[in-house]
Amino acid sequence: MIIENTQAFKALDNISSIIVKKLDSRKRIMQGVVIAKTIGYDKWNKITNLPKHWRAIVKELATV
256 MIIENTQAFK
266 ALDNISSIIV
276 KKLDSRKRIM
286 QGVVIAKTIG
296 YDKWNKITNL
306 PKHWRAIVKE
316 LATV
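Below you can see the structure in the form of structure tokens.
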């Protein structure tokens, strides 16, 4: 899976990584990636309500 290969995911603590692995969380992160690629990460970051550690994953995936 793409999310688990990011440096931001690898830096998460155990509980946070378990939460990110849940299907709903992965869907929200991937939706964030699509939107960030469409409108730009900086603009997306200003309007999103995702947790900061998820934003780091989105940033890493959106800028690939």
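If you're matching positions, the sequence shown starts at 256 in this note's numbering and goes up one per residue. No residue lacks a Cβ here, since even glycine has one placed at the ideal position from N, Cα and C.
- Less than 8 Å separates the beta-carbon of Ala-291 from that of Ala-317.
- Its chain contains Ser-280 as the residues whose beta carbon lies nearer than 8 Å to that of Ile-274, once the 5 sequence neighbours on both sides are disregarded; these appear in chain order.
- In this model, Phe-264 and Thr-293 are separated by some 22 Å (Cα to Cα).
- For the options Trp-309, Val-319 and Val-313, the alpha carbon positioned closest to that of Asp-268 is the one of Trp-309.
- Runs of the alpha helix (DSSP H) lying entirely within the region 273-300, each at least 4 residues long, are 278-294 in chain order.
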